[in-house]
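Next comes the structure, spelled out in structure tokens:
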């Protein structure tokens, strides 16, 4: 029963949402596609009355740009490292957390705490932990005041077990790409754990206890129970956590700003750790909307493909 | 099964009467073995329990360590921070670092801006979300399902795609460096509309029809029935929205990075540009702690709602 009064009332209630969505969501989608296919489109020049020809030059230029390839490599590398590590660690924590009674609530609360933080602010704390405080680092006049808590811990173990002193240049001037990536991986995994643990623990708690009772009657071993009962019954949540992990991973940006600042890399190598999102914003700030749009569409395409790939794999592996 | 069991037990317990001595010896052995395996199992179980707790506690320490280090560092004097081997508790507690940080980063202004933006955008967003969710859940109109599907489809698209055009739009509207630019573009969240609509659908329609018969207006019905019944969802939305304002970095930095309108996150990053090298860490960590404390308070008191909202959304802010 559709009466006309309900009709206009519905549109009235929806009008604020629709107006805002048209301006800030629908129009941007259309406009981004338009700008991406206008060669070398620039907002500033467009305002000056210049016209642009239709073409795919934005895409070819972006894909050929060394900077873009670097950003793509950084993003992919961080994704490939952090998603599996954080998922496996979260699974391990969730399974063990689910198996205990005393302290369970307390530990669960502790593990959720990093979720409610500001990724820039805590990034600055991580930077402080990894940073070597000193002057003229990497030169002959090098003067180390304190090597930071992480280096002190490493040094402690190194001198105890091997007798050698050890100090790693993690993020300072002259630090290596590998060390930078290790720091970023540690921070991103630390940041990604709480959400994954929350989802996986919720999934574990909803598994029917009868399966485990049946397995116990049959005398099934722990490992077999884990792989044959827990993982299959948890697979929808695992798939969800992995898919959202990849989507989040491809949009990585603020955690790098948190640790390295807007330099996006050690002081002697700006933008070394820049990501896809960072590339888009740089192009935007240089009034290069055409290239920014092309990069954004490429990012969307990659996320779409990875998500579909994940869904395809999980269709075969996930048991609902 | 029980009969069989009894027979076997009898075999073990009274073997002499039924069989020769070698059989008896075997049976006694198996009893010993049984006890042994039982004991081994208990030892295994205790060992596994121990390992499980050890693992969880070590992980918990790793998770908590950055917070501890933040507070520890924020209370040190600069000279103590610069000691070669760091101390695990400040010898002299320097609360003055917090005052210095507050002034250095102009935190008062940043807090004020963030609270204004957070509160206004949350209130407006709630009104819009409630009205839209009500229309989708209770009213019949042409194209309802198509419109709803269209809205859900936009959730797939990464936000960066919108930002490029929105940047131009707000510049043309003359909104740069105002509160408006921080509030208006993000008022509508398709996800919140979806979440609340699902909640509204669970409320029986008979209540609405009864209210209609009594001549109650929609707004009154929403206010008296729908909103109280879906309060937990609305609280989750409020918290996530406020946290969003507190944590947003990219958009504010892009469009409102002047002294008067800076929000807490880009203000913090802007005040402490150096992350490596010779940095005055105690003051920087004090500023970081000041920015983090309100979030901890929210966490302590409203954890339940956050966890509920997050487990259904999978989004941060």
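Protein chains in written order, with our numbering: chain H, 2 to 321; chain L, -10 to 306.
Just so you know, even glycine gets a beta-carbon here, dropped at the ideal spot from N, CA and C.
Since the model is a prediction, treat every value here as computed from it, not as a measurement.
Span of the alpha helix (DSSP H), counted from its first residue to its last, around residue i
i                      : result
residue 268 of chain H : Counting along the chain, residue 268 of chain H falls outside any alpha helix (DSSP H), and DSSP gives it neither H nor E.
residue 81 of chain H  : 67 to 99
residue 165 of chain L : Where residue 165 of chain L is concerned, there is no enclosing alpha helix (DSSP H), given that its DSSP letter is neither H nor E.
residue 249 of chain H : 232 to 251
residue 245 of chain L : Element bounds for residue 245 of chain L: n/a, residue is neither H nor E.
residue 89 of chain L  : 85 to 93
residue 193 of chain L : It is not in any alpha helix (DSSP H) - residue 193 of chain L carries neither H nor E in the DSSP assignment.
residue 304 of chain H : 290 to 318
residue 168 of chain H : From DSSP, residue 168 of chain H is part of no alpha helix (DSSP H); its letter is neither H nor E.
residue 156 of chain H : 150 to 162
residue 177 of chain H : Note, residue 177 of chain H: premise wrong, no alpha helix (DSSP H); not H, not E.
residue 116 of chain H : Residue 116 of chain H -> no alpha helix (DSSP H), and no H or E assigned at all.
residue 81 of chain L  : Residue 81 of chain L -> no alpha helix (DSSP H), and no H or E assigned at all.
residue 221 of chain L : 220 to 236
Residues bridged to residue i [DSSP beta-bridge criterion]
i                      : result
residue 135 of chain H : H/145
residue 39 of chain H  : H/55
Within-7 Å CB hit, residue i to chain L
i                      : result
residue 188 of chain H : no
residue 32 of chain H  : yes
residue 108 of chain H : yes
residue 119 of chain H : yes
residue 199 of chain H : yes
residue 237 of chain H : no
residue 17 of chain H  : yes
residue 60 of chain H  : no
residue 276 of chain H : no
residue 311 of chain H : no
residue 178 of chain H : no
residue 218 of chain H : no
residue 294 of chain H : yes
Closest residue to residue i among the options (Cα-Cα distance)
i                      : options                       : result
residue 194 of chain L : L/38, L/54 and L/123          : L/123
residue 197 of chain H : H/49, H/75, H/113 and H/28    : H/113
residue 113 of chain L : L/175, L/263, L/73 and L/125  : L/175
residue 116 of chain L : L/85, L/152 and L/215         : L/215
residue 278 of chain H : H/87, H/163 and H/75          : H/75
residue 247 of chain L : L/76, L/156, L/201 and L/99   : L/99
residue 304 of chain H : H/252, H/288, H/271 and H/29  : H/252
residue 55 of chain H  : H/46, H/164 and H/34          : H/34
residue 1 of chain H   : H/205, H/227, H/310 and H/249 : Any question about residue 1 of chain H goes unanswered here, given that chain H covers just 2 to 321.
residue 214 of chain H : H/201, H/230 and H/284        : H/230
residue 261 of chain L : H/124, H/147 and H/200        : H/124
residue 236 of chain H : H/89, H/37 and H/101          : H/89
residue 261 of chain H : H/182, H/195 and H/191        : H/182
residue 299 of chain L : L/93, L/219, L/181 and L/275  : L/181
residue 98 of chain H  : L/47, L/179 and L/142         : L/47
residue 278 of chain L : H/244, H/100, H/118 and H/92  : H/118
residue 161 of chain L : H/192, H/47 and H/199         : H/47
residue 265 of chain H : L/250, L/56 and L/263         : L/263
Closer than 7 Å to chain H by CB, residue i
i                      : result
residue 49 of chain L  : yes
residue 129 of chain L : yes
residue 262 of chain L : yes
residue 167 of chain L : no
residue 288 of chain L : yes
residue 267 of chain L : yes
residue 122 of chain L : no
residue 26 of chain L  : no
residue 78 of chain L  : no
residue 69 of chain L  : no
residue 258 of chain L : yes
residue 185 of chain L : no
residue 195 of chain L : no
residue 64 of chain L  : no
residue 137 of chain L : no
Where residue i sits in the DSSP three-state scheme
i                      : result
residue 109 of chain H : helix
residue 261 of chain H : helix
residue -5 of chain L  : The pLDDT assigned to residue -5 of chain L is 44, lower than 50, so where the model puts this residue is not dependable, and the model offers no usable value.
residue 141 of chain L : helix
residue 128 of chain L : coil
residue 21 of chain L  : helix
residue 7 of chain L   : Low local confidence applies: a pLDDT of 46 at residue 7 of chain L is under 50, so the model's placement there is unreliable, with the coordinate-based value given in what follows. Coil, per DSSP.
residue 72 of chain L  : coil
residue 29 of chain L  : helix
residue 13 of chain H  : helix
residue 52 of chain L  : helix
Below 9 Å between beta carbons is the criterion; list the residues of the stretch 83 to 113 of chain L that meet it against any residue of chain B, in chain order.
-> Among the chains of the structure shown, chain B does not appear; the protein chains present are H and L.
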